[in-house]
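Below: one structure, written as C-alpha coordinates.
In my numbering, the protein residues as written are 232 to 366.
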(Lines of atoms letter the chains of each structure in order from A and count residues from 1; the text may use other names and numbers.)
(Lines give C-alpha, C1' and ligand atoms only; values in the text may rest on other atoms or scores of the structure.)
Protein backbone atom coordinates (compact mmCIF):
# COMPACT_ATOMS: atom_id res chain seq x y z
CA UNK A 1 0.00 0.00 0.00
CA UNK A 2 1.28 3.43 -0.91
CA UNK A 3 1.74 5.78 2.02
CA UNK A 4 -0.26 8.51 0.20
CA UNK A 5 -3.46 8.14 -1.77
CA UNK A 6 -5.67 10.73 -3.42
CA UNK A 7 -9.32 10.62 -2.40
CA UNK A 8 -11.67 11.16 -5.33
CA UNK A 9 -15.34 10.84 -4.33
CA UNK A 10 -17.46 9.27 -7.09
CA UNK A 11 -19.79 12.20 -7.87
CA UNK A 12 -17.32 15.05 -7.41
CA UNK A 13 -16.17 17.40 -10.14
CA UNK A 14 -12.48 16.86 -10.91
CA UNK A 15 -10.17 19.44 -9.34
CA UNK A 16 -8.72 22.21 -11.47
CA UNK A 17 -5.07 22.32 -10.55
CA UNK A 18 -2.39 20.58 -8.54
CA UNK A 19 -4.39 19.63 -5.45
CA UNK A 20 -6.74 16.91 -4.21
CA UNK A 21 -10.19 16.95 -2.61
CA UNK A 22 -8.63 14.71 0.01
CA UNK A 23 -5.41 12.88 0.72
CA UNK A 24 -5.14 9.71 2.79
CA UNK A 25 -1.76 9.13 4.43
CA UNK A 26 -0.92 5.78 6.02
CA UNK A 27 1.06 6.28 9.21
CA UNK A 28 1.13 2.59 10.15
CA UNK A 29 -0.66 -0.45 8.72
CA UNK A 30 -3.51 0.30 11.14
CA UNK A 31 -3.54 4.11 11.26
CA UNK A 32 -4.07 6.76 8.63
CA UNK A 33 -4.68 10.48 8.53
CA UNK A 34 -7.03 12.09 6.06
CA UNK A 35 -6.50 15.68 4.97
CA UNK A 36 -9.50 17.36 3.32
CA UNK A 37 -8.76 20.47 1.29
CA UNK A 38 -10.73 23.62 2.02
CA UNK A 39 -14.28 23.12 0.75
CA UNK A 40 -16.54 25.91 -0.43
CA UNK A 41 -20.21 25.83 -1.43
CA UNK A 42 -19.78 25.51 -5.18
CA UNK A 43 -21.94 23.34 -7.44
CA UNK A 44 -20.75 21.15 -10.33
CA UNK A 45 -21.26 24.04 -12.77
CA UNK A 46 -18.91 26.22 -10.72
CA UNK A 47 -21.58 28.51 -9.27
CA UNK A 48 -21.76 29.50 -5.61
CA UNK A 49 -24.51 27.69 -3.70
CA UNK A 50 -26.76 29.95 -1.59
CA UNK A 51 -24.61 33.07 -2.13
CA UNK A 52 -24.10 34.98 1.11
CA UNK A 53 -26.05 32.46 3.25
CA UNK A 54 -23.42 31.25 5.72
CA UNK A 55 -25.60 28.60 7.39
CA UNK A 56 -26.68 27.03 4.08
CA UNK A 57 -23.12 27.12 2.78
CA UNK A 58 -21.77 25.49 5.95
CA UNK A 59 -24.39 22.74 5.57
CA UNK A 60 -23.39 22.16 1.93
CA UNK A 61 -19.69 22.13 2.81
CA UNK A 62 -20.06 19.67 5.70
CA UNK A 63 -22.00 17.33 3.40
CA UNK A 64 -19.11 17.50 0.91
CA UNK A 65 -16.60 16.82 3.67
CA UNK A 66 -18.70 13.88 4.83
CA UNK A 67 -18.63 12.46 1.28
CA UNK A 68 -14.86 12.89 0.95
CA UNK A 69 -14.26 11.15 4.27
CA UNK A 70 -16.69 8.35 3.35
CA UNK A 71 -14.78 7.75 0.10
CA UNK A 72 -11.86 6.69 2.32
CA UNK A 73 -13.95 4.77 4.87
CA UNK A 74 -14.03 7.53 7.48
CA UNK A 75 -16.77 9.62 9.09
CA UNK A 76 -17.08 13.04 10.67
CA UNK A 77 -16.57 11.28 14.02
CA UNK A 78 -12.94 10.74 12.94
CA UNK A 79 -12.23 14.48 12.54
CA UNK A 80 -9.47 15.69 14.88
CA UNK A 81 -9.04 19.23 13.55
CA UNK A 82 -11.28 21.71 11.75
CA UNK A 83 -10.44 25.12 10.30
CA UNK A 84 -13.23 27.46 9.30
CA UNK A 85 -12.72 30.59 7.24
CA UNK A 86 -15.49 33.22 7.15
CA UNK A 87 -15.62 36.40 5.11
CA UNK A 88 -17.62 38.01 7.94
CA UNK A 89 -17.05 37.09 11.59
CA UNK A 90 -20.66 38.08 12.28
CA UNK A 91 -21.62 34.84 10.49
CA UNK A 92 -20.09 32.83 13.34
CA UNK A 93 -23.48 32.73 15.07
CA UNK A 94 -24.99 31.14 11.93
CA UNK A 95 -22.17 28.67 11.21
CA UNK A 96 -21.49 27.52 14.77
CA UNK A 97 -24.76 25.56 15.24
CA UNK A 98 -24.16 23.76 11.93
CA UNK A 99 -20.57 22.97 12.90
CA UNK A 100 -21.65 21.74 16.33
CA UNK A 101 -24.32 19.45 14.85
CA UNK A 102 -21.93 17.82 12.38
CA UNK A 103 -19.01 17.53 14.82
CA UNK A 104 -20.92 16.89 18.05
CA UNK A 105 -19.27 13.53 18.73
CA UNK A 106 -15.80 14.31 17.34
CA UNK A 107 -15.20 17.50 19.34
CA UNK A 108 -12.06 18.32 17.30
CA UNK A 109 -9.62 21.11 17.94
CA UNK A 110 -10.82 24.12 16.01
CA UNK A 111 -9.68 27.34 14.40
CA UNK A 112 -11.96 30.10 13.12
CA UNK A 113 -10.54 32.91 11.00
CA UNK A 114 -12.06 35.89 9.22
CA UNK A 115 -10.65 36.42 5.74
CA UNK A 116 -11.20 39.24 3.27
CA UNK A 117 -12.26 37.00 0.40
CA UNK A 118 -12.62 33.39 -0.76
CA UNK A 119 -11.71 31.97 -4.15
CA UNK A 120 -15.30 32.07 -5.49
CA UNK A 121 -17.48 35.19 -5.40
CA UNK A 122 -20.63 34.54 -3.37
CA UNK A 123 -18.92 32.02 -1.10
CA UNK A 124 -18.62 33.19 2.48
CA UNK A 125 -17.56 29.92 4.23
CA UNK A 126 -14.61 27.60 3.63
CA UNK A 127 -13.90 24.59 5.83
CA UNK A 128 -11.00 22.14 5.89
CA UNK A 129 -10.53 19.17 8.19
CA UNK A 130 -8.01 16.57 9.27
CA UNK A 131 -9.25 13.15 10.35
CA UNK A 132 -7.51 10.16 11.90
CA UNK A 133 -8.65 6.57 11.46
CA UNK A 134 -7.40 3.62 13.48
CA UNK A 135 -8.47 0.06 12.67
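From the three backbone atoms N, C-alpha and C, an ideal C-beta is built for every residue, glycine too.
- Excluding residues up to 5 positions away in sequence, 364 lie with their Cβ nearer than 8 Å to the Cβ of residue 304 in the same chain.
- Here DSSP, grouped into helix, strand and coil, assigns residue 294 to helix.
- Within the model, the alpha-carbon separation for residue 343 versus residue 271 is close to 15 Å.
- Across the structure, residue 330 and residue 355 are spaced so that their CA atoms are roughly 15 Å apart.
- At a cut-off of 4 residues, the continuous stretches assigned as alpha helix (DSSP H) that sit fully inside the stretch 254 to 308 are 285 to 301.
- Note on residue 267: 16 or more other CB atoms within 10 angstroms of its CB, so buried under the neighbour-count rule.
- Of 335, 350, 327, 337, the smallest CA-CA separation from residue 286 is found for 327.
- Contact check for residue 316 against residue 340 fails: the beta carbons are separated by 9 Å or more.
- It is roughly 24 Å from the alpha-carbon of residue 296 to the alpha-carbon of residue 259.
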